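Chains as they are written, first to last, in this note's numbering: chain A, 1 to 116; chain B, 1001 to 1112.
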Amino acid sequence: GAVVSQHPSWVICKSGTSVKIECRSLDFQATTMFWYRQFPKQSLMLMATSNEGSKATYEQGVEKDKFLINHASLTLSTLTVTSAHPEDSSFYICSAIRPPITDTQYFGPGTRLTVL
Amino acid sequence: SQQGEEDPQALSIQEGENATMNCSYKTSINNLQWYRQNSGRGLVHLILIRSNEREKHSGRLRVTLDTSKKSSSLLITASRAADTASYFCATDGRAAGNKLTFGGGTRVLVKP
């Protein structure tokens, strides 16, 4: 199978601090990873597409300076929520594409962020 | 943007009954996928149906796709308590590359 992990699974931080969330593909190399955000009882909203070795592509309305994405290796992408505020509290989920199959995304278990 | 809409938003059934949920979308697609999400967890891929397919089966799951109506349905037969979860459809639009656009989801409760 294709396993994607996220760390941490949950985090609580104070307003104004920055939080880094890691997304790893454990048994495959992922040239492309995606970051989603999900509010309670709502659907997933794509935030950005992360390609290894290049800048992330952000969806309209997502602040790239607020949500820093780094995809430094074929197995790791990180999302850093900078100067977090309570409205950033959400469930963040990453997914990865496992080549050569490109039409199925494998999802991580998600990270619950609570900003106090 | 969310192009998929799902109905019903919530569904409560008894164990053993069938559960049917529908998904509608707006633009042309390469394929449509269904995912399951247990509360507070990640998504599990259930089934993918391509735009040139009309029906697909996987175990107790049956998916249909009607591209003329831009709609899909997911049927879970002989439901079990363990099927309690939220179910999302996701489309891979022809102009969107590999990006997925998710529907609003259907929350299914299977009562034992």
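Ideal Cβ positions, reconstructed from N, Cα and C, are used throughout, including at glycine.
Just so it is clear, the structure is predicted and the values come from calculations on it, not from any experiment.
Residue closest to residue i, alpha-carbon to alpha-carbon, out of the options
i, options, result
"Leu26/A", "Ile101/A, Gln42/A, Thr102/A and Ser73/A", "Ser73/A"
"Glu87/A", "Gly53/A, Pro40/A and Gln6/A", "Pro40/A"
"Gly1093/B", "Ile1049/B, Val1044/B and Val1110/B", "Ile1049/B"
"Thr1101/B", "Tyr36/A, Tyr106/A and Asp65/A", "Tyr36/A"
"Ser43/A", "Gly1105/B, Ser1079/B, Lys1111/B and Asp1083/B", "Gly1105/B"
"Val62/A", "His71/A, Leu76/A and Met45/A", "Met45/A"
"Ala1081/B", "Asn1018/B, Gln1009/B and Tyr1025/B", "Asn1018/B"
"Thr1067/B", "Leu1074/B, Ser1079/B, Glu1053/B and Arg1041/B", "Glu1053/B"
"Lys66/A", "His85/A, Phe91/A and Gln38/A", "His85/A"
"Gly1016/B", "Asp1083/B, Cys1089/B and Gly1103/B", "Asp1083/B"
"Ser1051/B", "Arg1107/B, Gln1009/B, Lys1069/B and Asp1007/B", "Lys1069/B"
"Lys1099/B", "Glu59/A, Lys14/A, Gly53/A and Leu76/A", "Glu59/A"
Per-residue DSSP class, three states only, for residue i
i, result
"Ser1001/B", "Confidence is the limiting factor: at Ser1001/B the pLDDT is only 37, short of 50, which leaves the residue's position unreliable and the question unanswerable from this model."
"Ala2/A", "coil"
"Asp65/A", "coil"
"Ala56/A", "coil"
"Asp103/A", "coil"
"Leu87/A", "It should be pointed out that residue 87/A corresponds to Glu in this sequence rather than to Leu. DSSP places Glu87/A in helix when its eight states are reduced to three."
"Asp1083/B", "helix"
"Tyr92/A", "strand"
"Phe28/A", "coil"
"Lys1111/B", "strand"
"Leu1048/B", "strand"
"Gly1093/B", "strand"
Whether residue i touches residue j by CB criterion (8 Å)
i, j, result
"Ala48/A", "Ala96/A", "no"
"Asn51/A", "Thr78/A", "no"
"Ile21/A", "Thr111/A", "yes"
"Thr80/A", "Ser18/A", "yes"
"Leu1032/B", "Thr1091/B", "yes"
"Ser1072/B", "Thr1064/B", "yes"
"Gln38/A", "Pro109/A", "no"
"Phe4/A", "Phe107/A", "The residue asked about is misnamed: residue 4/A is Val in this sequence, not Phe. Yes; because the gap between Cβ atoms is below 8 Å, this pair is in contact."
"Ser83/A", "Thr114/A", "no"
Using a Cβ-Cβ cutoff of 8 Å, what residues of the segment 92-112 of chain A are near chain B? List them in chain order. Residues of the segment 92-112 of chain A with a Cβ closer than 8 Å to any Cβ of chain B, in chain order: Ile93, Ser95, Ile97, Thr102, Asp103, Thr104, Gln105, Tyr106, Phe107, Gly108, Pro109, Gly110 and Arg112.
Against chain A, which members of the segment 1025-1057 of chain B pass a CB distance test of less than 8 Å? Answer in chain order: Asn1030, Asn1031, Gln1033, Tyr1035, Gly1040, Arg1041, Gly1042, Leu1043, Val1044, His1045 and Leu1048.
Along the segment 31-47 of chain A, where does the CB come closer than 9 Å to a CB of chain B? Name the residues. Those residues of the segment 31-47 of chain A that come within reach of chain B (Cβ to Cβ, closer than 9 Å) are Thr32, Phe34, Tyr36, Gln38, Lys41, Gln42, Ser43, Leu44, Met45 and Leu46.
Residues of the segment 49-67 of chain A in Cβ contact with chain B at a cutoff of 7 Å, in chain order, please. The segment 49-67 of chain A vs chain B, Cβ under 7 Å: Thr49.
Of the residues that make up the segment 1065-1092 of chain B, which ones have a beta carbon closer than 9 Å to any beta carbon in chain A? Of all residues in the segment 1065-1092 of chain B, Ser1086, Phe1088, Ala1090 and Asp1092 have a Cβ within less than 9 Å of some Cβ in chain A.
If contact means a Cβ-Cβ distance below 7 Å, which residues of the segment 1096-1107 of chain B contact chain A? Flagged, chain order: Asn1098, Lys1099, Leu1100, Phe1102, Gly1103, Gly1104 and Gly1105.
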